[in-house]
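For reference, the structure is listed below as structure tokens.
2 protein chains.
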Amino acid sequence: MDNTSGVGVIDKAALVLDALEAGPTTLAQLVAATGLARPTVHRLALALVHHRLVARDMQGRFVLGSRLVELASAAGEDRLIAAAGPILMQLRDATGESAQIFRRQGDWRVCVASAERPVGLRDTIPVGTQLSMKAGSAAQILVAWEDHDRLLEGLNNARFTPTVLAGVRRRGWAQSLGEREPGVASVSAPVRGPSGRVIAAVSISGPIERLTRQPGRQHAEVICNAGRLLTEALRKGND
Amino acid sequence: MDNTSGVGVIDKAALVLDALEAGPTTLAQLVAATGLARPTVHRLALALVHHRLVARDMQGRFVLGSRLVELASAAGEDRLIAAAGPILMQLRDATGESAQIFRRQGDWRVCVASAERPVGLRDTIPVGTQLSMKAGSAAQILVAWEDHDRLLEGLNNARFTPTVLAGVRRRGWAQSLGEREPGVASVSAPVRGPSGRVIAAVSISGPIERLTRQPGRQHAEVICNAGRLLTEALRKGND
DNA sequence: TATTGGCGTCTCAATATCTGAGATGCAAGT
DNA sequence: ACTTGCATCTCAGATATTGAGACGCCAATA
Chain A
87 MDNTSGVGVI DKAALVLDAL EAGPTTLAQL VAATGLARPT VHRLALALVH
137 HRLVARDMQG RFVLGSRLVE LASAAGEDRL IAAAGPILMQ LRDATGESAQ
187 IFRRQGDWRV CVASAERPVG LRDTIPVGTQ LSMKAGSAAQ ILVAWEDHDR
237 LLEGLNNARF TPTVLAGVRR RGWAQSLGER EPGVASVSAP VRGPSGRVIA
287 AVSISGPIER LTRQPGRQHA EVICNAGRLL TEALRKGND
Chain B
87 MDNTSGVGVI DKAALVLDAL EAGPTTLAQL VAATGLARPT VHRLALALVH
137 HRLVARDMQG RFVLGSRLVE LASAAGEDRL IAAAGPILMQ LRDATGESAQ
187 IFRRQGDWRV CVASAERPVG LRDTIPVGTQ LSMKAGSAAQ ILVAWEDHDR
237 LLEGLNNARF TPTVLAGVRR RGWAQSLGER EPGVASVSAP VRGPSGRVIA
287 AVSISGPIER LTRQPGRQHA EVICNAGRLL TEALRKGND
């Protein structure tokens, strides 16, 4: 796949932002990470600072800027998080299991909202937890509809296979048994953005003993419905 | 103030992202909003789509892309939200009032986390609520340390004055009485990002009868402390 | 049904912007 | 005191970007 957008400066700026995703980065580190010439990186980084897409920390290192959070909020993140609470609590109560929403974060998925089953044996995933993109039903959802290159990258060293992901796309939901942690089962469904692309996964998880070896059979419908409600919550603020 | 960064393409791309902050936008609307030539906007928007900073909705309109949410998460937003829960609950319990965190969103401030006083008379601000940047102690905090142009813009039509903001900068906290809503008092303190810039405001709010006409006198210390804890939560993930 | 207008997309000659080698300044280390 | 590494800046030259105009498509209108 062609890796350039047709606007060289934007390609380079995207490289800088990608490099900063890992955390505070000196100019020298940015030069190494992006492969660009030092004055080029310097000029682009200062331009991004000007627009608050990047900032500098107290040691002068470059960091991702607060404008990105503003834009993320405008992209609907706040509405997703606001809608998540009631919908996850409904999902928790309907299924009797803990419910979560995950977003992709590079090679990880991050829990951005959760509603925990209050008593007894339960799978606890606090907000902020980073889990692997290589295992679990939420990872399957976040990878299944990616374009070819990102799909192949997602499958590399993953606990699931292309055949499993084909099934996910066909059924519209995913299930896993003991992929992330022995004894834990989970079911997930997609949350889609305005373009129809998958931007998050809504999930329940709990012990295999309670969820059985076919947790999707019983729970897929209510989880898919939660995904649709969340998708609508994102759209509602735009039209 | 010079409004260009020195890299023209990045200036133009920032104009496009700014225009999309308002919601789904056709190419024609983007051309009007940015003042750029149609093929230029088209080319830049497609380049941003390529990098997932922008997407297209089902009607072909341009929208802000999910990569922005990923980058916002990497900028610490998730860690702030994760840390917010316990810290806001501590603040609520210590002060006996509802506690919130606000981020700036253009001409608005958005509640991104809250912990509500469970009983009796209380100020309820659900997550996702958009409040004015022209009134309230959180608005004062979000404006007080801005650069000159954004400071002047923030003061335009505001319920607070330059003298009030000078006091905010000196004391490190803000208070307001009935600015946003009659009968409601609030106190706020800054949450700072890695660069030391204010990226959010942590607040309590409640009835003037309970908070008195000098709410900062009694509560400022514990709110400033909450701001420092949240600031540290953002930094901890980076070093 | 035919025509018109508006919008999105594409081309490419012209030129303005961007690039990066090299210079400079500074601070930390030896 | 000297050296090294890093950040910042300059500017001649190269090339990427620009935007006028063309094209295609579709919805609205006569």
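Read top to bottom, the protein sequences are chains A and B.
Taking the numbering used here, the leading residue of the first sequence gets 87, the next gets one more, and so forth.
Taking the numbering used here, the leading residue of the second sequence gets 87, the next gets one more, and so forth.
Just so it is clear, CB atoms sit at the ideal spot from N, CA and C, and this is done for glycine as well.
From a predicted model like this one, the values you see are computed outputs, not experimental measurements.
query: Closer than 7 Å at the beta carbon, the chain B residues around A/Arg142; result: Ser281
query: Beta-carbon spacing of B/Gln222, B/Glu265 below 9 Å; result: The residue you asked about is not Gln; residue 222 of chain B is Gly in the sequence shown. Cβ atoms of B/Gly222 and B/Glu265: closer than 9 Å.
query: Span separating the alpha-carbon of A/Gly92 from that of B/His137; result: 11 Å
query: Contact set for A/Arg189: own chain, Cβ-Cβ below 6 Å, skip 5 residues either direction; result: Val196, Val198, Ala286
query: Residues bridged to A/Ser291 [DSSP beta-bridge criterion]; result: A/Ser184, A/Ser272
query: Element boundaries [beta strand (DSSP E), containing A/Ser200]; result: 194-201
query: Nonlocal neighbours in the same chain, by C-beta distance under 6 Å from A/Ala180, ignoring five residues either side; result: Val308
query: Residue-chain proximity (A/Ile285, chain B), Cβ-Cβ < 9 Å; result: yes
query: Chain A contact residues for B/Ile173, given Cβ-Cβ distances below 7 Å; result: What B/Ile173 touches in chain A: nothing, since even the nearest Cβ is about 13 Å away.
query: Unbroken stretches of the beta strand (DSSP E), 3 residues or longer, contained in the segment 221-280 of chain B; result: 260-263, 270-278
query: Minimum Cβ-Cβ distance from B/Arg129 to chain A less than 9 Å; result: yes
query: C-alpha gap between B/Ala108 and A/Leu320, whole angstroms; result: 14 Å
query: Contact with chain A by B/Asp193, beta-carbon distance below 9 Å; result: no
query: Per-residue DSSP class, three states only, for A/Asp325; result: Only weak support is given to the placement of A/Asp325: the predicted model assigns it a pLDDT of 49, under 50, and the value that follows is read from those uncertain coordinates. In this structure, A/Asp325 counts as coil in the three-state DSSP scheme.
query: Beta carbon proximity, B/Val149 to chain A, threshold 9 Å; result: yes
query: Where A/Ala286 falls: helix, strand or coil (DSSP); result: strand
query: Alpha carbon of B/Leu217 to alpha carbon of B/Asp104, nearest angstrom; result: 20 Å
query: Status (buried if at least 16 other CB within 10 Å, exposed otherwise) for A/Ala312; result: buried
query: Given 8 Å, three or more beta-carbon pairs between the segment 162-172 of chain A and the segment 266-276 of chain A; result: no
query: Beta-carbon separation (whole angstroms), B/Ile187 vs B/Val277, contact threshold 8 Å; result: 7 Å
query: C-alpha gap between A/Phe148 and A/Leu113, whole angstroms; result: 7 Å
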